[in-house]
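Enquirer: If you read the sequences in order, they're chains L and P. Under this note's numbering, the first residue of the first sequence is numbered 535, with each subsequent residue one higher. Under this note's numbering, the first residue of the second sequence is numbered -15, with each subsequent residue one higher. Even glycine gets a Cβ: it sits at the ideal position worked out from N, Cα and C.
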Amino acid sequence: MAGNGATPLVELKDISIAFGGIKAVDHASVDLYPGEVVGLLGHNGAGKSTLIKVLSGAYKRDGGVIRINGEEVTINNPRDAKHYGIETIYQTLALADNVDAASNLYLGREILTSWGTLDDSAMEAQARQVMGRLNPNFRRFKDPVKSLSGGQRQSVAIARAIHFNARILIMDEPTAALGPQETAQVGELIKQLKAEGIGIFLISHDIHDVFDLADRVAVMKNGQVVGIGKVENMTKDEVLGMIILGKCPPGATPGPGAMAS
Amino acid sequence: MTSSAAPSTAGSSPDEPLLRRLMRATEIDTRMLGMIGALLLIWVGFHVYTILSTGEGLFITPRNLSNLLVQTSSVAVMATGMVLIIVMRHIDLSVGSILGFVSTIIGVTQVYFLPKYLGLDSPFIWIITMIMGLAIGAAIGAFQGSLVAYLGIPAFIVTLGGQLFWRGAAWWVTTGATIAPLDARFSLMGGGPYGSIGATASWALGLLACVGVILSLYMSRRRRAKFNFPQRPMWAEITLAAIGCLVALGVTWVVNAYPWPERVAARYAEEHNIPVPEGGLFISTGYAIPVLIALVVGAAMTFLATRTRFGRYVYAIGGNPEAAELAGINTRRITVYVFALMGALAAISACISSARLNSATNVLGQFDELYVIAAAVIGGTSLAGGVGTIYGALIGALVIQSLQSGMVLLGFDSAFQQMVVGVVLVGAVGIDTFYRRRTAKG
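1) Please report how far the alpha carbon of L:Leu791 lies from the alpha carbon of L:Cys782, in whole angstroms.
2) Give the straight-line distance between the Cα atoms of P:Ser130 and P:Phe140, rounded to the nearest whole angstrom.
3) Do P:Ile109 and P:Trp150 have their beta-carbon atoms positioned less than 8 angstroms apart in this structure?
4) Nearest chain P C-beta to L:Asp634 closer than 8 angstroms, yes or no?
5) Can you check whether the CB of P:Ile44 is closer than 8 angstroms to the CB of P:His31?
6) Check this for me: beta carbons of P:Arg216 and P:Ala9, under 8 angstroms apart or not?
7) With 8 angstroms as the threshold, decide whether the Cβ of L:Gly684 is near any Cβ in chain P.
8) For L:Arg674, return the contacting residues in chain P, with the cut-off set at a CB-CB distance below 9 angstroms.
9) How long is the line joining the alpha carbons of P:Met114 and P:Gln94, rounded to whole angstroms?
10) Determine the extent of the beta strand (DSSP E) in which L:Lys764 is found, giving its start and end residues.
11) Please confirm if P:Thr310 has its CB atom under 8 angstroms from at least one CB of chain L.
12) Check each residue of the region 323 to 341 of chain P: if its Cβ is closer than 7 angstroms to any Cβ of chain L, include it; give the result in chain order.
13) Which residue marks the beginning of the beta strand (DSSP E) containing L:Leu574, and which one marks its end?
14) P:Asn304 and L:Leu629 - do their beta-carbons sit closer together than 8 angstroms?
15) For P:Glu306 and chain L, any beta-carbon pair shorter than 8 angstroms?
16) Distance check for L:Ile549 and L:His577, CA to CA, integer angstroms please.
17) Could you tell me which chain P residues have their CB closer than 7 angstroms to the CB of L:Arg667, listed as they occur along the chain?
18) Am I right that P:Val157 and P:Val92 are in contact with their C-beta atoms under 8 angstroms? What's the rounded C-beta distance?
19) Output needed in chain order: residues of the region 620 to 645 of chain L with a Cβ under 7 angstroms from some Cβ in chain P.
20) Let me know the secondary structure DSSP gives P:Leu42 once reduced to three states.
21) Using beta carbons (cut-off 8 angstroms, strictly below), is L:Ala792 in contact with chain P?
22) Count Cβ pairs between the region 224 to 243 of chain P and the region 47 to 61 of chain P that sit closer than 8 angstroms; are there 3 or more?
23) Classify P:Phe437 as buried or exposed, calling it buried when 16 or more other Cβ atoms lie within 10 Å of its own Cβ.
24) Specify whether the region 607 to 616 of chain L and the region 554 to 569 of chain L touch according to this definition: at least 3 beta carbon pairs, one from each stretch, less than 8 angstroms apart.
25) Would you tell me roughly how many angstroms separate the C-alpha atoms of P:Gly65 and L:Gly761, rounded to the nearest one?
26) Excluding the 5 residues flanking L:Glu658 on each side, which residues of the same chain have their C-beta closer than 7 angstroms to its C-beta?
27) Under the assumption that P:Val71 contacts P:Gly302 (Cβ atoms under 8 angstroms), give the Cβ distance between them as a whole number of angstroms.
28) Return the bridge partner residues of P:Ser268 from the DSSP annotation.
29) Nearest chain L C-beta to P:Thr417 closer than 8 angstroms, yes or no?
30) DSSP three-state call for L:Leu627: helix, strand or coil?
31) For the region 648 to 664 of chain L, list every residue whose C-beta sits within 8 angstroms of some C-beta in chain P, in sequence order.
32) Taking buried to mean at least 16 other C-beta atoms within 10 Å of its own C-beta, is L:Asp654 buried or exposed?
33) In this structure, does DSSP put L:Lys725 in helix, strand or coil?
34) Can you check whether the CB of L:Val544 is closer than 8 angstroms to the CB of L:Leu736?
35) Leaving out five residues on either side along the sequence, give the residues of the same chain with a beta carbon under 8 angstroms from the beta carbon of P:Ala(-6).
36) Are the beta-carbon atoms of L:Gly581 and L:Ala615 separated by less than 8 angstroms?
Given below as structure tokens:
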């Protein structure tokens, strides 16, 4: 799967971004292959969300290269990212709270009638279909998403990301607002998407989640990559050591952030 | 302000109160009913007051209501744009000054420039100046909008500066003089006997509105049927259609019951050799052109806000600007468009206001921005962004104008007039906030 020699789906190389004088991401390199889940781990403020927002177009990088299928691409805003099939589920969900589920699902990509007006009925029908697959108990299609529960809002955000034939999916803390049953559902979904050949970046600070779902993990600390390695070559304790101390175990490839040993 | 704060109970039971069942089945907004209730209360209140003080009811008469509609139209047109501005979490304090500036430019062009080249009575003068006014208004709005969107200067500051700048510019253009008289055709936009469409055309429009109501209900029902969505019960649809038609025909009846002033009618009769019957000639005024302009603008803006991509983006940006940006919406461009639209609407109001006075002055539209914002807010637009309706703003404009006209009718001191409008604005928003908090809990 993560076979050497094959072209990675995504390659982030030497990405740097600074806010004011603070280097939020400092020469970080990560790659992702089709049908693979790469877990991004690290403390709050380690730079994982920032790195991923560079890929999703929310931030503009100061330096570094993004390659998709081996070709260098320019991603300056979220529209560019979507154009390359990169979809993101943000930690904040990024829903417009005052409009309903269907409008959120199609925000920026509305279905239009032949008159050029919004086709709300068609969008609602599609939304009912997608939501039926993700969350069969979802009934409140007419209410603004503000009035939905955390889990329901999350399923709207997930539906939005997977409905448009994503090739690369970024999930930033996708289970943060979910109960145990819904978390298990998201796990199932990730496996299913993986089987369809979609590459997934899974950002989490729950190490157990990541161990269950990811093929490889990359650990960040202070904006730098400590190391990247296959899950089966590492123990949870070793990964914890990477997160807390920045110590790269033998089973992983060390990055610029690894503690000198 | 609201008739009943119905708790949201699921399922219908036979012993549910009739009114509540009607409200749920027709999906009528309780807030809107509250607003219409308040409006009727104001009307009845003034009417009773005039009966008590003069022995004759003066407020709910075809004459007063027709005038009320004409007086409301300028603020109503701008309020529809202000809704979108406020929904996007901005504000526009410059609309009154843009109105003043555009009207002076239109006035100067009509009185001093165009007659030199086209002749005094050219039929092109009104259309050229109107298009020019619209372009200038839109350009001013777009410019202010770009300062907000691309330089990140708060809209409050940009438009406060705009308020001072354009008011000063209007003064500079006119050098303080009143510019009059305006083009005769242009003045029709201000209403009056000649600037109204008369009985036959008004009835035709009223009937057309009925057809429109029924057709739109039918279309929406058919669309929902196509996707097997739940439908309103048939009796609810019929009730809605009946209410819509009744309102359209009722308003038409009122404006048609208002005759031309006796002297104008007499002069008209003389010119056209019509024999004047005993008791004077009755010529229906019908819908005034400014009222029609406001209605068309209201319909167009409702369409824009609810049925187009642009409108959807405006509301989404108001609900969560960051999410809209992440969804790939070009929020800056939309901001510029919304301000440009507001500027163009202020220019339409400039035409209405100056045509009504048949003159342009540098103080035209002064303090209008406050009434426009008040109309939008009384109409349910939330200053927190993301919430607001066009029809609400139209009713809000009518509420404010009713208060003002009523107080003028009663001969209130103008000091008190302003004080009352201020109290009503704060009171209306206060009641609304209280009501929303309560329904949010329930």
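Expert: Quick look at the numbers:
1) Here the sequence assigns Gly to residue 791 of chain L, which means Leu is not the residue at that position. Roughly 9 angstroms separates the two Cα atoms.
2) 14 angstroms
3) no
4) no
5) yes
6) yes
7) no
8) In chain order: nothing, as chain P lies at least about 12 angstroms away.
9) 10 angstroms
10) 758 to 764
11) The amino acid occupying residue 310 of chain P in the given sequence is Leu; Thr does not appear at that position. Yes - at least one Cβ of chain L is within 8 angstroms of the one on P:Leu310.
12) none
13) 571 to 575
14) yes
15) yes
16) 19 angstroms
17) Going along chain P, no residue has its Cβ under 7 angstroms from L:Arg667, so there is no contact; the nearest lies around 17 angstroms.
18) 6 angstroms
19) Tyr624, Ala628, Leu629, Ala630, Asp631, Asn632, Val633, Ser637, Leu641, Gly642, Glu644
20) coil
21) no
22) yes
23) The structure shown does not extend to residue 437 of chain P, since chain P is modelled only from -15 to 426, so the question has no answer here.
24) no
25) 55 angstroms
26) Ala636, Phe675
27) 4 angstroms
28) P:Pro243
29) no
30) coil
31) Gly650, Thr651, Leu652, Ser655, Ala656, Glu658, Ala659
32) buried
33) helix
34) no
35) The predicted position of P:Ala(-6) is uncertain, since its pLDDT is 40 and thus under 50; a value taken from the coordinates is nonetheless stated next. So no residue of the chain qualifies.
36) no
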